[in-house]
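What follows is a single structure, written as structure tokens, with notes after it.
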Amino acid sequence: MRHTVLPPCSGTLLAAMLALAPSLSAQATGQRTREQIRASYDAHQGDFDYLLGDWEFTAVNREFGKGRGFWSALRLAEGAQILDEYRVVGDSGQTYYVTNTLRAYNAVLDQWELVSTEGGTGLQNVGTGHRVGAEMHIEQKFGVMSPNPSLWRIRYYDIRPDRFSWAADRSTDGGKTWVANFQTLEARRIGPPRSLGPLAPAKR
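Counting the sequence shown from 1 gives a position; the numbering used here is that position plus 25.
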């Protein structure tokens, strides 16, 4: 299911990143060479390909109990970038919660970087992700602009073409203490992988 062929525009994007690498500070790049940056991009640009497409999920949350919803993700035209929508619905299909997340791979820092939306609160819910063996691990802040912000450690595991499992620990004290498996989720595929073409295609 993983797509290893780079999108047409990704070569230009990566070339620009490699050109900028020597000018970045040693602290920011970790003394990584152009070859290392390219190798990281080639190795990790498809890490979230399993998420592409449409999913239906069931979840158990320690605060809200059982729930269900839909999750859709697509690849953007420019390089290793994934946009998804996560929607929790009620028995009649009404929306209880919805968030959009942009995931972009940073080959200079060798990590995925994420930002999620919550209505009217800007782009404060940021996080980072890494592939660990056959799993994807994320650490991300949620509810940053609310009275009760929290930090989540999320793990995608048992990843298969038609399903995956998800579990998250939550901390409300900045990572000092954690509630294990604060939320768990089981997702089943209901639609094939897809991508979004350029929003402003070049024209002659």
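Don't be surprised by glycine CBs; every beta carbon is placed ideally from N, CA and C.
- So what does DSSP say about Gln106, is it helix, strand or coil? Here residue 106 corresponds to residue number 81 of the sequence shown, with the count starting at 1. Under the three-state reduction of DSSP output, Gln106 falls in the strand class.
- Item | DSSP beta-bridge partners of Arg59 | Start at 1 with the first residue of the sequence shown, and residue 59 comes out as number 34. Paired residue(s): none; Arg59 is not in a bridge.
- Item | Distance CB(Gly78)-CB(Arg178) smaller than 8 angstroms | Locating residue 78 in the sequence shown gives position 53, where the first residue counts as 1. Locating residue 178 in the sequence shown gives position 153, where the first residue counts as 1. The answer is no: Cβ separation not under 8 angstroms.
- Nearest-angstrom Cα distance between Glu88 and Arg180? To locate residue 88, count along the sequence shown from 1; it is residue 63. To locate residue 180, count along the sequence shown from 1; it is residue 155. Rounded to the nearest angstrom, the two C-alpha atoms are 19 angstroms apart.
- So which of Val85, Gln61 and Ile163 has the shortest CA-CA distance to Phe207? Position 182 of the sequence shown, counted from the start, is the residue given in the question as residue 207. For the residues Val85, Gln61 and Ile163, the minimum Cα distance to Phe207 belongs to Val85.
- Task: Taking only the alpha-carbon atoms, compute the straight-line gap between Pro226 and Gly104 and give it to the nearest angstrom.
- Result: For the purposes of this step, residue 226 is identified with residue 201 of the sequence shown, where counting begins at 1. For the purposes of this step, residue 104 is identified with residue 79 of the sequence shown, where counting begins at 1. Spanning the two alpha carbons is a distance of roughly 15 angstroms.
- Message: Suppose you measure from the CA of Val169 to the CA of Val157; what does that come to, to the nearest Å?
- Response: The residue you call residue 169 lines up with position 144 of the sequence shown. The residue you call residue 157 lines up with position 132 of the sequence shown. Whole-angstrom Cα-Cα distance: 26 angstroms.
- Alpha carbon to alpha carbon, how far is Trp96 from Leu134? Translated into positions along the sequence shown, residue 96 becomes position 71. Translated into positions along the sequence shown, residue 134 becomes position 109. So the two alpha carbons sit approximately 28 angstroms from each other.
- Task: Quick one: residues in its chain with C-beta nearer than 8 angstroms to the C-beta of Thr120, no 5 flanking neighbours on either side, listed in chain order?
- Result: As a position in the sequence shown, residue 120 is number 95, starting the count at 1. Around Thr120: Arg112, Val113 and Val114.
- Message: Distance cutoff 8 angstroms, beta carbons only. Does Ser171 sit that close to anything in chain C?
- Response: Among the chains of the structure shown, chain C does not appear; only one protein chain is present.
- Message: For Gly145, count the other beta carbons within 10 Å of its own beta carbon; 16 or more makes it buried, fewer makes it exposed. Which is it?
- Response: For the purposes of this step, residue 145 is taken as residue 120 along the sequence shown, with counting starting at 1. The residue is exposed, with fewer than 16 neighbouring Cβ atoms inside 10 Å.
- Message: Please give me, in chain order, every unbroken run of the beta strand (DSSP E) with length at least 3 that falls completely inside the stretch 113-162.
- Response: DSSP runs (the beta strand (DSSP E)) wholly in the stretch 113-162: 120-131, 136-141 and 150-157.
- Message: Could you give the first and the last residue of the continuous beta strand (DSSP E) run that contains Val85?
- Response: Reading the sequence shown from its first residue, position 60 is the one you call residue 85. Gly78 to Asn86 is the extent of the beta strand (DSSP E) around Val85.
- Task: Sort Asp183, Trp137, Asn150 and Ser141 by Cα distance to Ala159 and report the nearest one.
- Result: Residue mapping note: residue 159 aligns to position 134 of the sequence shown, counting from 1. Across the set Asp183, Trp137, Asn150 and Ser141, the C-alpha of Asp183 shows the shortest separation from the C-alpha of Ala159.
- Could you name the residues of the same chain whose beta carbon sits closer than 6 angstroms to that of Gln149, not counting the 5 residues immediately before and after it, in chain order? Position 124 of the sequence shown holds residue 149. Excluding sequence neighbours, Gln149 sits near Val169 and Met170.
- Below 8 angstroms between beta carbons: does that hold for Asn125 and Thr142? Walking along the sequence shown from the start, residue 125 turns up at place 100. Walking along the sequence shown from the start, residue 142 turns up at place 117. Yes, they are a contact pair.
- From Gly222, Gly216 and Tyr75, residue whose alpha carbon lies closest to that of Trp191: Locating residue 191 in the sequence shown gives position 166, counting from the first residue. The shortest Cα separation from Trp191 among Gly222, Gly216 and Tyr75 belongs to Tyr75.
- Of all the beta strand (DSSP E) runs that stay within the bounds of the stretch 186-221, which reach a length of 3 or more residues? Runs of the beta strand (DSSP E) lying entirely within the stretch 186-221, each at least 3 residues long, are 188-196 and 204-216 in chain order.
- Task: Could you please give me the residues that DSSP links to Ser97 through a beta bridge?
- Result: Residue 97 sits at position 72 when you count from the first residue of the sequence shown. Answer is Asp79 and Glu110.
- Task: Can you tell me which of Pro172, Asp116, Lys166 and Lys201 puts its alpha carbon nearest to the alpha carbon of Val140?
- Result: Here residue 140 is taken as the residue at index 115 of the sequence shown, counted from 1. Among Pro172, Asp116, Lys166 and Lys201, the Cα nearest to that of Val140 is on Lys166.
- Message: Helix, strand or coil for Ser65? Go by DSSP, reduced to three states.
- Response: Start at 1 with the first residue of the sequence shown, and residue 65 comes out as number 40. In the displayed model, Ser65 falls within a helix according to three-state DSSP.
- Message: Taking only three categories from DSSP, how would you classify Asp72?
- Response: Along the sequence shown, read from residue 1 onward, the residue named residue 72 stands at position 47. Asp72: coil per DSSP, three-state reduction.
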